Amino acid sequence: AAEEGALLWHLNTSQLPCESSVAVDGQGSVYYADAAIVHKLSSTGEPLWHAAIENNPNDWSVSPSLLPDSSAVVVPGLVEAAAFSTRTGDARWRTAVPKGKSYTGSPRFS
-11 AAEEGALLWH
-1 LNTSQLPCES
9 SVAVDGQGSV
19 YYADAAIVHK
29 LSSTGEPLWH
39 AAIENNPNDW
49 SVSPSLLPDS
59 SAVVVPGLVE
69 AAAFSTRTGD
79 ARWRTAVPKG
89 KSYTGSPRFS
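Sequential numbering of the sequence shown, starting at -11, is according to this note's numbering.
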């Protein structure tokens, strides 16, 4: 069990670079991103949805963050920053990142 430090589940990610921190919502759903896709997994590790992000797949992945009300997950990037509905995975907004800039850290919301 988790209280004892036992492994509950494990996921092999895609072949794309994946050095993402995860975001976890109040239901235990897990959000992570590789170099081209943001993923939502259930608390048991089952895939729930995935959505493409405009990024440089030959570069690094990015770390998603949840809005305070957990209604959207925001993903920064090298080409665009985007927000996705946590319920459906549909894009809520996308904005281009200016050339010569990159937003690859984790955004913070309060």
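Yeah, the Cβ is synthetic: ideal placement off N, Cα and C, and Gly gets one too. As the structure is a prediction and not an experimental result, all values here were calculated from the model.
In the structure shown, the three-state DSSP call for E(-9) is helix. Taking every protein chain shown into account, the CB of S30 has fewer than 16 other CB atoms within 10 angstroms, so this residue is exposed. Apart from sequence neighbours up to five positions away, the residues of its chain that approach D13 with a beta-carbon distance below 7 Å are L54, S58 and T74, ordered along the chain. DSSP places T83 in the uninterrupted beta strand (DSSP E) bounded by A79 to A84.
DSSP lists L29 as the bridge partner or partners of P35. Taking C-alpha positions only, T76 is separated from S51 by approximately 19 Å. Setting aside the 5 residues that flank it on each side, V61 is surrounded in the same chain by Y19, P52, L54, F72 and T74, each with a C-beta closer than 6 Å to its C-beta; the list follows chain order. In this model, W(-3) and K28 are separated by some 15 Å (Cα to Cα).
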